[in-house]
């Protein structure tokens, strides 16, 4: 799946993908919603610091960086479901 980001998000389901946002793997983590135009902290950790293709290769998945980059629009339940879905998507890749 070409649309799967390094954290397991399926970018193809987002209305911004392909227009406003090219996806983290294509823009090297500097997506439009990244803090202050810097790379997404998850992308920066996995790809730049740990030299991994995605979080599936990390034994700490899901890590504190995932929790610290929580989308504030999610409720607690929605956020936990989001993490569960991303972990599942990444595990299906291996």
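Numbering (my numbering), first residue to last: 65 to 158.
Ideal Cβ positions, reconstructed from N, Cα and C, are used throughout, including at glycine.
Check                                                                                                                            : Outcome
Terminal residues of the alpha helix (DSSP H) in which residue 129 lies                                                          : 128 to 132
As assigned by DSSP and simplified to three states, the class of residue 71                                                      : coil
Length of the line joining the Cα atoms of residue 104 and residue 126                                                           : 15 Å
Range covered by the alpha helix (DSSP H) that runs through residue 151                                                          : 140 to 157
Chain-order list of residues whose beta-carbon lies under 6 Å from that of residue 65 (same chain, five-residue window excluded) : For residue 65, the predicted structure reports a pLDDT of 49, less than 50, and the residue's modelled location is therefore unreliable. A value from the coordinates is still provided. Correct list: empty, nothing qualifies.
Cβ distance (whole Å) where residue 78 is taken to contact residue 88 below 8 Å                                                  : The Cβ separation is near 11 Å, so there is no contact.
Anticipated Cβ contact below 8 Å, residue 72 with residue 122, distance rounded                                                  : That belief does not hold up - the Cβ atoms of residue 72 and residue 122 are roughly 11 Å apart, past 8 Å.
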